[in-house]
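Note sheet for the following structure.
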Amino acid sequence: MHYFENYCAECDWAASTEELASRSEVGNAAVAHHVESGHEIDSRSLTFPASGSSLRSTSH
Ligand SMILES: [Zn+2]
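Counting from 17, one number per residue, gives the positions in the sequence shown under our numbering.
Here it is in structure tokens:
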């Protein structure tokens with residue numbers, strides 16, 4: 017699973033496409049946080065191979 021995340025460099029704020037429907041929604045949330053707090057927003061891509069999910073299929 018591949019996620020795009022915007023996160024704040026100055027506090028714990030973060031938004032990712034894991035929680036929001038689209039990358040543009042994440043961008044909008046980041047802009048909103050920047051406007052109201054003046055904090056600097058950074059972005060990154062996240063890849064979660066299988067951690068935290070039970071989607072791994074075992075052959076049996
Ligand atoms: Zn912040």
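Virtual Cβ for every residue (Gly too), placed ideally from N, Cα, C.
query                                                                                                        : result
Boundaries of the alpha helix (DSSP H) in which Ala-45 is found, first to last residue                       : 39-53
Bounding residues of the beta strand (DSSP E) (the contiguous stretch that carries Ala-31)                   : 30-32
For Glu-35, the three-state DSSP class (helix, strand or coil)                                               : coil
Separation of Ala-30 from Ala-37, as counted between CA atoms                                                : 15 angstroms
Thr-33, buried or exposed, once every other Cβ within 10 Å from all chains shown has been counted against 16 : buried
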